[in-house]
Every structure is written in structure tokens, then in C-alpha cells.
Amino acid sequence: MISIVFGYERSERPALFDEMFRQRKKVFIDEKKWDLKPVNGEFEIDEFDRDDTVYICSLFPDGGLAGSVRLLNTATDHMAISAFQPMFPGLMVRSPTIWEGTRFAVRDDRRLQGNGASRAACEILLGTCLFGLEYGVSQMTAIYEAPLARMFKKCGLDHIILGRHRSEAHGSIHFGLWDISRELEASIRAKTGLLPYETVAVAAE
216 MISIVFGYER SERPALFDEM FRQRKKVFID EKKWDLKPVN GEFEIDEFDR DDTVYICSLF
276 PDGGLAGSVR LLNTATDHMA ISAFQPMFPG LMVRSPTIWE GTRFAVRDDR RLQGNGASRA
336 ACEILLGTCL FGLEYGVSQM TAIYEAPLAR MFKKCGLDHI ILGRHRSEAH GSIHFGLWDI
396 SRELEASIRA KTGLLPYETV AVAAE
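Pasting the structure below:
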């Protein structure tokens, strides 16, 4: 199931947020060895985890967290113009209708869809599209590790690459952009097999 969660809900849903930040620490610090400082030795949290941040979460049937991605409005401070700016110095995207996806994290989800991708990954991408359609988002950007492009393709996410960065420290990194549309939703559903009655988007009340 997809859950759309807002940063200001952190005090209302502490267990979900703690598990999300704990999972991010395992993925980005423990496994990928990114140069990030854990919070209390247990969580990966930074200055972009704000009240106005949006998180697209994939939940297991028992309500546990399968994976998540963080969304930031590019009209506000976001990663492409700060932490990742040295990688792409000539690129700047700023618009209230364009959002940035970062911290895509999925762990231990062995539920594979027909396209070979985990259900969590498929739900996160669909959830990002559904959020965009609901809240007037025209486009999404993402700075991601190049191997993720194969998963995007499996999930029906057509996008353009605005820039590429390669270094010994970071490997191959892409700066991608895609349109949010009903056509994208249909493409993702067709490739992933996620049908309307199988996936519920839960927005904050």
C-alpha cells in the first residue's frame, strides 16, 4: 500500500518516521557508505527533513515500512542546489510546480512484480506520480545512481537525463527529469501491474 506522508506529521506518526530514518541509515550509511553522519547512531536525518517535506512510503500488508522516497519542492531549498550542486554546477531547476525526489530507499522487500522490480519500488514510483497529480506537480527531478535507470524503465518511467556525473567517489550519477501526467500513471500501472483496487494513496487529513 502507498502512504503519502507530510513532514509535519512526524509527531503524530513517530513509529513510521523512526523506521523510515532507521532504514535510510542502513541503506545510505551502512550499505552504500555515504559520507553522512547518523543521528543518535541509529537514524539518517538531515536539514531537508522539514515540515514541508513529503514522503512517499510503501507499506507491507501489516503496516510495516517497505521503502520510501523524499520529495522537496524546488522553489525551496533542495539537494540539487546544495549537496549535489558541485556535481551539476550548470543545472538549476526552481519552480513551485517541480519537485525533487531524493533518498529512494527500499530494503528486504522480496515481493516481486511481473516486471522483476520489488513491489515497494513500484509503489513508490506510482505514489510519486499520484502525489503529483493530486497536488498540481508538473514535473519531477531526481539525482540518482545510474543503475536505477534500469529499474525506472522496468516500471514504465520515461524520463530525460539533464546531466551526468562520474567520479571515483560517487560512481555514475544522473540528473533526471520527467513529466507528471495521467499517461505516466497509466504507463507505470501497465508495467508494474499495480491496479487501482490494489493500491491506495493515503493523504494527510
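Residues are numbered in our numbering as their position in the sequence shown, beginning at 1, plus a constant of 215. Even for Gly, the Cβ is constructed at its ideal location relative to N, Cα and C. All values derive from a computational prediction rather than experimental measurement.
Scanning its chain for C-beta atoms nearer than 7 Å, with the 5 sequence neighbours on each side dropped, one finds around Gln-328 the residues Arg-334, Cys-337, Thr-407, Gly-408, in chain order.
In this structure the segment 266-274 lies against the segment 285-296, because at least three pairs of beta carbons, one per stretch, are closer than 8 Å. Partner residues in a beta bridge of Cys-337, as assigned by DSSP, do not exist. Counting only residues of its own chain and dropping the five nearest sequence neighbours on each side, Ala-295 has a CB closer than 8 Å to the CB of Thr-289, Phe-303, Leu-306, Met-307, Val-308, Glu-315, Thr-356, Ile-358, Phe-390. Considered as a whole, the segment 275-350 harbours 334-349 as its complete alpha helix (DSSP H) runs of no fewer than 4 residues, in chain order.
A Cβ-Cβ contact shorter than 9 Å links Ser-402 with Asp-373. Nearest neighbour of Leu-341 by Cα position, chosen from Glu-398, Asp-267, Lys-241, turns out to be Glu-398.
Taking a C-beta distance under 9 Å as the contact criterion, Ile-395 and Gly-347 qualify as a contact pair. Contact between Cys-344 and Glu-262 does not hold, since their C-beta atoms are separated by about 27 Å, which reaches or exceeds 8 Å.
With respect to the C-alpha of Arg-239, the residue from Phe-367, Leu-377, Val-321 having the closest C-alpha is Val-321.
Distance from the Cα of Ile-375 is smallest, within the candidate group Leu-363, Asp-292, Leu-392, for Leu-392.
Annotation for Asp-264: Gly-222, Phe-236, Arg-285 place their beta carbon closer than 8 Å to its own, counting only its chain and skipping 5 residues before and after.
Nearest in C-alpha terms to Ala-298, of all of Leu-251, Gly-351, Met-216, Ile-244, is Leu-251. Between the beta-carbon of Pro-253 and that of Glu-246 there is about 13 Å, and that puts the pair past the 8 Å contact cut. In the three-state reduction of the DSSP assignment, Gly-386 falls in the strand class. Note on geometry: alpha-carbon atoms of Pro-276 and Ile-244 lie some 27 Å from one another. DSSP places Met-355 within a strand segment (E or B) once states are collapsed to three.
Per DSSP, the continuous beta strand (DSSP E) segment holding Phe-221 begins and ends at 217-221. The straight-line gap separating the alpha-carbon atoms of Asp-323 and Gly-378 is approximately 31 Å. Going by DSSP, Ser-226 is part of no alpha helix (DSSP H) at all; its letter is neither H nor E. By a beta-carbon distance limit of 8 Å, Met-366 does not contact Ala-405. Their separation comes to about 16 Å.
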